[in-house]
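Scroll down for the structure; my scribbles are underneath it.
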Amino acid sequence: MLNRRSAVFIADTMKFPKNSLNYLFISILICSCSVKKYTHDPTKISTAKSGIMVTISGETKKIYSAEVSLKTEDYKQVFWTDTIKENGFGATFNVPEPGFYKLHFEAKYPKDSFYAGWLHFMSLYLEDNQSYQLLPASDQDILHNRTTIRSSSKIQNQLSLFEEPYWKEDARLKEKIGNEAVAADSLLKKHDNKGYKKVMAALSRDEELSRSLFSSFTRKFASKYPASVVSTHKLLEVKDIEQHYDEYLKIYNHLDDAVKKQPDGVVLKAGSIL
């Protein structure tokens with residue numbers, strides 16, 4: 052695996068790293084243009100001479116002046132970088148081994164520009180001789196985790212089974228919480244204390260659902276897919292082991308032995324569950 056052990060958790064305190072699926076977004080430059088299908092250049096090969104070979108490509112409509120790169124999860128190694136053109140990006144190249152990687156997007160504008168730029172990342176599971184096609188409609192899809200990924204990789208498709216519904220529900224809850232906050236403020240200004248308390252109670256419930264959403268999704272996913280390395284990967288990122296220890300222990304015991312022997316499974320056993 053990719054030297055992930057030191058970053059995923061602190062065994063003594065049973066604390067896990069904060070879910071890294073956050074983004075920084077300052078401003079967006081939106082343009083319209085005609086789009087033609089992008090065909091990646093197969094001659095773009097990374098300098099890595101061994102390991103596995105993968106193909107990553109993307110068809111874009113409203114993303115310009117942005118750079119895309121593939122990195123290790125700790126961001127210490129970069130295997131490939133490309134500039135997003137008006138109709139897409141892509142290449143075929145080598146990475147050292149199968150596993151989880153970060154696809155990093157960053158747009159920079161001149162210092163005197165009105166736009167400050169944006170950056171974001173997404174997780175991929177790379178396997179040998181597999182393809183990964185990203186279909187973001189715009190930079191907004193990337194920034195709000197709405198990018199569709201079509202892949203020939205079985206494990207990447209399992210990762211998408213987690214990511215897509217998780218981010219959809221996350222967005223729904225955040226929108227609902229925002230609407231409830233506006234409604235509560237309006238009721239407070241009208242001195243409607245009864246209505247205000249009712250809305251605030253709902254808002255508090257939804258905020259708690261939002262805070263626990265990742266852990267809830269992880270428990271359900273790991274229970275349903277005990278043979279997937281995505282399960283152990285996500286289990287390493289939860290933060291409520293102590294609160295739900297018995298449930299997590301049951302989930303861990305239900306995992307396939309082969310998954311427990313993978314790098315994430317070994318770390319999970321050594322530092323958190325048992």
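Here this note's numbering = 1-based position in the sequence shown + 51.
All C-beta atoms, glycine included, are put in the ideal place defined by N, C-alpha and C.
It should be emphasised that the depicted structure is a prediction, and the values quoted were computed from it without experimental measurement.
Closest Cβ-Cβ distance between residue i and chain D: below 8 angstroms?
i	result
Ala-222	Given the protein chain composition of this structure (a single chain), no chain D is represented.
Can you give the Cα-Cα distance for residue i and residue j, rounded to whole angstroms?
i	j	result
Asp-315	Lys-245	50 angstroms
Leu-319	Val-250	40 angstroms
Ile-228	Ser-263	14 angstroms
Phe-272	Lys-241	44 angstroms
Val-317	His-171	29 angstroms
Tyr-183	Asn-208	10 angstroms
Glu-215	Thr-198	8 angstroms
Leu-210	Ala-117	25 angstroms
Gln-294	Asn-304	18 angstroms
Met-173	Gln-313	22 angstroms
Lys-225	Arg-270	21 angstroms
Gly-139	Ala-321	43 angstroms
Lys-219	Asp-243	33 angstroms
Let me make sure I understand the geometry here. Which of the options has the alpha-carbon closest to that of residue i?
i	options	result
Lys-206	Ser-116, Val-281, Glu-288, Lys-271	Per the sequence shown, residue 206 should be read as Ile rather than Lys. Minimum Cα distance to Ile-206 is reached at Val-281.
Trp-131	Gln-294, His-155, Ala-235	His-155
Ile-200	Glu-293, Leu-175, Ala-309, Glu-124	Leu-175
Lys-285	Tyr-217, Asp-236, Ala-252	Tyr-217
Asn-180	Ala-235, Leu-260, Ser-202, Trp-169	Ser-202
Ile-114	Ala-252, Ala-234, Tyr-296, Gln-191	Gln-191
Val-340	Val-105, Pro-277, Ala-252, Gly-139	In the structure as shown, the chain begins at 52 and stops at 325. Residue 340 is therefore absent and cannot be evaluated.
Met-104	Gly-139, Glu-148, Asp-125, Glu-124	Glu-148
Thr-106	Ile-292, Leu-287, Trp-169, Ser-204	Ser-204
Classify residue i as helix, strand or coil using the three-state DSSP reduction.
i	result
Leu-286	helix
Lys-112	coil
Ile-292	coil
Taking 8 angstroms as the cut-off, decide whether the C-beta atoms of residue i and residue j are in contact.
i	j	result
Lys-153	Lys-122	yes
Lys-112	Ser-189	yes
Glu-298	Asp-257	no
Gly-141	Gly-109	yes
Thr-283	Leu-300	no
Gly-150	Leu-177	yes
Lys-290	Ser-266	yes
Ser-279	Ile-302	no
Ala-158	His-195	no
Phe-213	Phe-268	yes
Asp-133	Val-119	yes
Ala-235	Leu-254	yes
How far does the beta strand (DSSP E) with residue i in it reach, from first residue to last?
i	result
Gln-184	181–186
Ala-158	150–158
Thr-143	140–146
Ala-117	117–122
Arg-201	199–202
Tyr-176	169–177
Asp-125	Note, Asp-125: premise wrong, no beta strand (DSSP E); not H, not E.
Ile-135	129–135
Taking residue i as part of the alpha helix (DSSP H), name the residues at either end of that continuous run.
i	result
Ile-228	205–240
Ile-193	190–194
Tyr-247	244–262
Pro-277	That residue, Pro-277, is in no alpha helix (DSSP H); it is neither H nor E in DSSP.
Gly-316	314–319
Asp-308	308–311
Measuring from the CB of residue i, is there a heavy atom of the ligand MG at a distance below 7 angstroms?
i	result
Tyr-247	With respect to the ligand MG, the structure shown offers nothing to examine, as it has no ligands at all.
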